[in-house]
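Engineer:
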Amino acid sequence: MKPFVIKSLIGLPLLVSTTVSVAETPTSLSPVVVTATRTAQSVDETLASVTVITREEIERKQATSVPDLLRGIAGVSFAINGGPGQNSSLFLRGAESDQVTVLIDGVKIGSATVGLAPFQNLPVETIERIEIVRGPQSSLYGSEAIGGVIQIFTRRGGGEITPFFSVGGGADDTWTATAGVSGGGDNGWFNVTATTLDTDAFNACDGSFTAGCFTIEPDEDGYDNTSIQARGGYRFSNQLEAELFALRSRGDHEFDGVFSNESSYMSRLLGGKVIFSPSEWWQLTLNGGRSWDNSVNFKDGIRSSHFKTRRDSVSLQNDLTLTDSGLLTVGADYQNDEINSSNAYTEDTRDNTG
Numbered sequence: 286m287k288p289f290v291i292k293s294l295i296g297l298p299l300l301v302s303t304t305v306s307v308a309e310t311p312t313s314l315s316p317v318v319v320t321a322t323r324t325a326q327s328v329d330e331t332l333a334s335v336t337v338i339t340r341e342e343i344e345r346k347q348a349t350s351v352p353d354l355l356r357g358i359a360g361v362s363f364a365i366n367g368g369p370g371q372n373s374s375l376f377l378r379g380a381e382s383d384q385v386t387v388l389i390d391g392v393k394i395g396s397a398t399v400g401l402a403p404f405q406n407l408p409v410e411t412i413e414r415i416e417i418v419r420g421p422q423s424s425l426y427g428s429e430a431i432g433g434v435i436q437i438f439t440r441r442g443g444g445e446i447t448p449f450f451s452v453g454g455g456a457d458d459t460w461t462a463t464a465g466v467s468g469g470g471d472n473g474w475f476n477v478t479a480t481t482l483d484t485d486a487f488n489a490c491d492g493s494f495t496a497g498c499f500t501i502e503p504d505e506d507g508y509d510n511t512s513i514q515a516r517g518g519y520r521f522s523n524q525l526e527a528e529l530f531a532l533r534s535r536g537d538h539e540f541d542g543v544f545s546n547e548s549s550y551m552s553r554l555l556g557g558k559v560i561f562s563p564s565e566w567w568q569l570t571l572n573g574g575r576s577w578d579n580s581v582n583f584k585d586g587i588r589s590s591h592f593k594t595r596r597d598s599v600s601l602q603n604d605l606t607l608t609d610s611g612l613l614t615v616g617a618d619y620q621n622d623e624i625n626s627s628n629a630y631t632e633d634t635r636d637n638t639g
């Protein structure tokens with residue numbers, strides 16, 4: 286009998302220890318995304334290759350720009366021409382910028398002339414979450430999404446009204462400041478964020494033949510940016526909710542060039558969304574907005590060229606729940622682009638319907 290008792294006593298602590306260890310293991314929930322299928326799904330449920338960057342990750346990385354924030358993400362790379370504020374060309378799994386759709390709160394952005402989204406002028410302080418979908422998404426977002434989709438969600442509020450403020454500094458006489466307020470109640474919420482950045486930066490081109498600028502300007506190529514973002518929503522009933530959002534970002538930067546050495550860029554976005562659920566199995570979503578991209582180039586203070594793009598987009602989406610595991614999505618998209626430039630184009634307007 287004694288050997289039996291000894292074995293039981295030895296095994297008992299091991300059993301208790303194992304039970305406690307399992308009980309203390311935290312449960313990790315898969316992030317919910319909407320970009321991959323245009324409906325809410327967890328990352329584990331979607332078949333696409335998806336990466337989600339949360340607000341917590343943004344603050345932990347302490348990136349100063351969206352290209353810095355996305356650098357290191359699998360399949361994502363940037364080609365930046367010069368210092369801060371310069372054009373950033375995105376490559377997603379080898380696909381070029383004009384083959385990747387970029388959205389802010391569901392509204393398509395980007396220049397209709399060069400196909401670039403103004404990543405360099407989007408302040409990370411205004412971003413709540415980023416969803417990156419790699420691979421062809423043309424069936425959901427059109428031919429411009431054969432390389433994938435990147436959707437940026439701006440910050441939204443909730444809870445008690447809370448003001449926030451931060452200031453920072455760094456090398457090259459760099460200063461940043463952010464201020465805002467957010468809050469909400471049972472049915473409504475809002476967030477307003479304003480940011481500013483100013484830096485003397487560095488001399489991005491030394492004038493050598495290999496540098497590629499073909500001019501000698503031994504000066505610092507500075508950059509400053511001022512942005513403001515606002516977003517708010519209200520739930521009128523269990524069947525109806527709506528939200529409005531706006532973003533304005535202006536960047537002025539210097540660079541070394543033969544035909545121009547200063548540039549001013551302004552990006553604006555205004556949009557809204559209405560969600561109507563007439564029944565438990567039917568949800569109707571109307572999303573629309575307008576984005577503007579204005580770029581003006583100067584040579585020693587004299588205007589040399591300009592590019593202006595206005596893009597209107599509207600989408601209507603019906604989500605029909607057929608069974609507990611079956612969902613049918615039917616919708617239509619419309620987009621209109623208008624160009625005003627110092628360069629001559631064969632056509633200055635374009636319409637797309639899908």
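The sequence shown begins at 286 in our numbering and counts up by one. The C-beta atom is built at its ideal place from N, Cα and C for all residues, glycine as well.
Check each candidate in T320, E330, P448, N372 and name the one with the smallest Cα separation from Q422.
Structural biologist: Walking along the sequence shown from the start, residue 422 turns up at place 137. Ranking T320, E330, P448, N372 by Cα distance to Q422 puts T320 first.
Engineer: For V559, I'd like the list of residues in its chain whose CB is within less than 7 angstroms of its CB, leaving aside the five on either flank, ordered along the chain.
Structural biologist: As a first step, residue 559 must be located in the sequence shown, where it is residue number 274. Closer than 7 angstroms at the Cβ level, and outside the excluded window around V559, lie A527, L571.
Engineer: Can you grab the Cα-Cα spacing for the pair V307 / D329, in whole Å?
Structural biologist: One-based indexing of the sequence shown puts residue 307 at position 22. One-based indexing of the sequence shown puts residue 329 at position 44. Any reading at V307 must be qualified, since the residue scores a pLDDT of 46, below 50, and its modelled position is unreliable; the value itself is stated next. Taking the straight line from one Cα to the other gives about 23 angstroms.
Engineer: So, with DSSP's three-state summary, where would you put N637?
Structural biologist: By one-based count along the sequence shown, residue 637 stands at place 352. Looking at N637 - three-state DSSP - the assignment turns out to be strand.
Engineer: Would you decide whether N611 is buried or exposed? Buried here means 16 or more other CB atoms lie within 10 Å of its CB.
Structural biologist: Here residue 611 corresponds to residue number 326 of the sequence shown, with the count starting at 1. Note on identity: in this sequence residue 611 is Gly, with Asn being the wrong assignment. With fewer than 16 Cβ atoms within 10 Å of its Cβ, G611 is classed as exposed.
Engineer: When DSSP labels each residue in this structure, what does S306 get in the three-state scheme?
Structural biologist: Taking the first residue of the sequence shown as position 1, residue 306 is located at position 21. Model confidence at S306 stands at a pLDDT of 45, short of 50, so the residue's coordinates are unreliable; what they give is reported in the following sentence. It is helical.
Engineer: Check whether the Cβ of T324 sits closer than 8 angstroms to any heavy atom of the ligand SAH, and report yes or no.
Structural biologist: Looking for the ligand SAH in the displayed structure turns up nothing, as the structure carries no ligands at all.
Engineer: Below 6 angstroms CB to CB, which residues in the same chain sit around H591 once its five sequence neighbours on both sides are set aside?
Structural biologist: Start at 1 with the first residue of the sequence shown, and residue 591 comes out as number 306. Contacts found: V581, S627.
Engineer: So, is T452 buried or exposed, given that buried needs 16 or more other C-beta atoms within 10 angstroms?
Structural biologist: As a first step, residue 452 must be located in the sequence shown, where it is residue number 167. Going by the sequence as given, residue 452 is Val instead of Thr. That one is exposed.
Engineer: Check whether the stretch 513-530 touches the stretch 549-559, counting contact only when three or more Cβ pairs, one atom from each stretch, lie closer than 8 angstroms.
Structural biologist: The answer is yes - the stretch 549-559 touches the stretch 513-530, with three or more Cβ pairs under 8 angstroms.
Engineer: If the criterion is Cβ atoms closer than 9 angstroms, does the pair R520 and S534 meet it?
Structural biologist: Taking the first residue of the sequence shown as position 1, residue 520 is located at position 235. Taking the first residue of the sequence shown as position 1, residue 534 is located at position 249. Contact flag unset, no.
Engineer: Once you ignore the five residues that flank F404 on each side, which residues in its own chain have a CB closer than 7 angstroms to its CB?
Structural biologist: For the purposes of this step, residue 404 is taken as residue 119 along the sequence shown, with counting starting at 1. Cβ neighbours of F404 beyond the five flanking positions: V351, P352, S373, L375.
Engineer: According to DSSP, is S641 part of a helix, a strand, or is it coil?
Structural biologist: With the chain covering only 286 through 639, there is no way to say anything about residue 641.
Engineer: DSSP on Q675, reduced to helix/strand/coil?
Structural biologist: The structure shown does not extend to residue 675, since the chain is modelled only from 286 to 639, so the question has no answer here.
Engineer: Taking Q674 as the reference, which of Q514, P563, M551 has the closest Cα?
Structural biologist: In the structure as shown, the chain begins at 286 and stops at 639. Residue 674 is therefore absent and cannot be evaluated.
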